[in-house]
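In UniProt numbering, the protein residues as written are 1 to 147.
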């Protein structure tokens with residue numbers, strides 16, 4: 001766990017605030033498997049609906065925050081230096097005309113949480129040492145120590 005996880009989590013919150021719904025849950029009937037598959041694929045939409053009223057700068061920042069590869073995901077410094085942040089004084093003062101209410105956003109978050117905490121859902125857990133990240137780190141250590 002590192003700052004890249006925090007940036008991704010902030011990206012999910014940012015997406016939900018802008019769109020009015022979560023990036024990976026499409027509806028109340030989504031299964032946990034469907035939601036996790038979308039998360040794993042890193043596929044989300046930045047078109048249609050409320051996205052028609054969102055600036056390209058915000059979409060660009062969001063796509064970098066939600067990048068699936070943590071090494072290509074924006075760092076905290078990159079987020080803070082992004083033009084959408086640094087030029088915030090040039091943004092419109094008008095509130096975007098969104099097609100949602102706070103109840104819709106709350107419902108989307110509750111649906112996602114409910115799907116992921118559903119009692120019949122049993123994620124496949126493997127030893128940490130078997131993960132791709134652990135294997136890459138192990139290989140890097142062996143290479144750097146000359147083993």
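Virtual Cβ for every residue (Gly too), placed ideally from N, Cα, C.
Query, Result
"Straight-line Cα distance separating residue 90 from residue 83", "10 Å"
"Any alpha helix (DSSP H) of 4 or more consecutive residues that is wholly inside the UniProt domain \"Protein kinase\" (1-85)", "3-19, 32-41, 56-65, 76-81"
"Residue 3, buried or exposed, once every other Cβ within 10 Å from all chains shown has been counted against 16", "exposed"
"Proximity of residue 11 and residue 66 at Cβ, strictly below 8 Å", "yes"
"Option nearest residue 45 by Cα separation, candidates 60, 72, 133", "60"
"Beta-carbon proximity check, residue 64 vs residue 74, cutoff 8 Å", "yes"
"As assigned by DSSP and simplified to three states, the class of residue 133", "helix"
"Straight-line gap, residue 128 to residue 53 (C-alpha atoms, nearest Å)", "42 Å"
"Contact under 8 Å by Cβ, residue 24 with residue 39", "yes"
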